[in-house]
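Residue numbers (this note's numbering): 13 to 449.
All C-beta atoms in this analysis are idealised placements derived from N, C-alpha and C, irrespective of residue type, glycine included.
Note that the coordinates shown come from a computational prediction; the quantities given were computed from them, not determined experimentally.
For reference, the structure is listed below as C-alpha cells.
This is the structure we're talking about:
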C-alpha cells in the first residue's frame with residue numbers, strides 16, 4: 013500500500029494567505045451577535061460555581077470595592093464606572109470581550125487608584141532592599157553594569173520593546189489566540205494576564221521598592237511618597253524626539269515606587285509562555301524577545317535583575333495555576349479546523365486538481381491494514397492445523413522520509429519460501445506414490 017503524497021504544495025502568496033483568511037472568517041462567525049440581556053442572565057443561572065471560580069470573583073469584587081472607595085473622584089463617576097461595566101456585560105455581543113477582560117480591568121482600576129491611597133496607610137519605602145538582594149544573589153549590581161555605556165542606537169533598541177511592544181503585544185497575543193488558538197484560549201489569556209498584573213500591583217502597594225533610577229539620582233537616602241517619579245533612561249528618548257512625554261508620564265505615575273516585581277518582565281514572560289504553548293514553532297523568537305526586554309529594563313535604569321526574576325516567577329506561577337485541564341496536554345487540545353489551517357498544521361493539504369490528502373487518516377488506515385493482515389494470517393495458520401505449513405507473514409513497515417512502503421523484501425522472502433514448500437510437497441507426493449506401488 014503506497015502512501016499518497018501531495019504533488020503540488022501551495023507556495024504562492026494567495027495560497028499561503030487563504031488559511032489565515034479562513035481562520036479570520038471563522039473567528040467572526042463564532043461571534044454571538046445577540047443583544048438581548050436575557051440570554052446573559054440565562055447563562056448566569058446555568059453557571060455551576062466552583063471554589064476557584066468563586067474565589068476569583070471574590071478577589072475582583074473586593075478590589076473593585078476598595079478602588080472605588082479610596083478614589084477621590086465625584087460620586088457619580090464612581091457609580092458610573094461599575095454601572096457601565098454591568099451594562100456592557102449584560103449585552104451578549106459586548107460581553108464576549110468585556111467579561112474575559114474583567115481581570116485586566118480590575119488590575120487597571122487598582123493601578124490608577126493607587127495614587128489616592130492615604131500616605132499614613134502606606135508601608136515604608138524600601139530603598140536599599142533590592143540592590144542588596146541583587147548583590148547577594150548575583151554577586152554584583154547587574155543593572156548598574158548595564159547603564160554604564162549608553163548610545164543613541166542602544167536607546168532606540170531598548171525603547172522599542174520597553175515603550176512600544178510592551179503595550180502592543182498583549183493585544184496581538186489575544187487576537188492570535190482568538191483567531192488561531194483553540195476555543196477558550198483567549199479567555200484563559202485574559203484571566204492569566206489580568207491576575208498576574210493584579211497580583212503584581214498588590215505586591216507593589218504592600219512592598220514599595222525604589223527603582224535603579226532612584227539610586228542614581230538620590231543614592232540610598234530614605235524616600236517618601238511625595239517624590240515624583242523619573243523616566244530614567246527614557247529621558248534620552250524624550251530628547252531624541254524633542255518631547256516631554258515620558259518625563260510627564262513618569263513624573264505623575266500612580267505607583268512611583270513599584271519596582272518589584274517587574275510587570276514588564278511579567279508581561280513578556282506571560283506572552284512567551286502562551287505563544288510557546290499554543291504556537292511552539294517560534295519558541296526562540298518568543299524567548300529572545302524576553303531576553304531583549306530584560307536587558308532594556310536594566311539599560312533604561314527602571315528595574316534590577318531581581319525585579320525581572322520576580323516578575324518571571326509570578327508569570328510562571330499564574331500561567332500554570334490558571335491553566336484549564338483541557339490545555340494541560342497540548343496533544344489533546346481540540347483545535348478548530350480553521351485554526352489548524354492557519355497555524356501551519358498538516359492535517360489537510362489541497363493540491364490543484366487532486367484530492368485532499370489527510371496524513372493522519374492514511375497513517376491510521378495503514379496501521380489497521382498491517383494489524384488486520386497479521387491477525388488474518390494468524391487465524392489462517394491456526395485453522396490449517398499443526399501439520400500444515402504456516403504461511404509466510406508479509407511484514408510491512410513505514411519508513412518516514414522515504415516515498416515508499418517497505419515490504420517488498422518480505423514479499424520476496426514469501427515467494428522463495430513458497431517455492432521451497434511447493435518443492436517439498438512434490439517430493440512427499442512422489443514418495444507416497446512409490447510406496448503404494
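Counting of Cβ neighbours within 10 angstroms places residue 88 among the exposed residues, the total staying below 16.
Residue burial is scored here from C-beta neighbours: residue 158 has at least 16 other C-beta atoms within 10 angstroms and is therefore classed as buried. Annotated as distal: residue 104 and residue 203, with beta-carbon spacing of 8 Å or more. Restricting attention to alpha helix (DSSP H) runs no shorter than 4 residues, the segment 147–187 encloses them at 154–158, 164–171, ordered along the chain. The segment 85–100 makes no contact with the segment 189–204: fewer than 3 CB pairs, one atom from each, lie closer than 8 Å. In this structure, residue 135 sits near residue 220, with a CB-CB distance shorter than 8 Å. For residue 119, the enclosing alpha helix (DSSP H) stretches over residues 114–125. In the DSSP assignment, residue 327 falls within the alpha helix (DSSP H) that extends over 317–333. In this structure residue 301 touches residue 280 by the C-beta definition: roughly 6 Å separates them, less than 8 Å. The residue from 340, 150, 235, 29 with its alpha-carbon nearest to that of residue 194 is 340.
Counting of Cβ neighbours within 10 angstroms places residue 319 among the buried residues, the total reaching 16 or more. Residue pairing for residue 346: DSSP places it in no beta bridge. The segment 223–240 and the segment 128–147 touch, with three or more beta-carbon pairs separated by less than 8 Å. If you keep only unbroken alpha helix (DSSP H) runs of at least 4 residues inside the segment 35–74, you get 49–58. The alpha-carbon of residue 76 is positioned some 7 Å away from that of residue 118. In this structure, the alpha-carbon of residue 331 lies about 35 Å from that of residue 232.
Within the DSSP bridge table, the entry for residue 138 names 221 as partners. In summary, residue 283 is buried, with 16 or more beta-carbon neighbours lying within 10 Å of its beta-carbon over all protein chains present.
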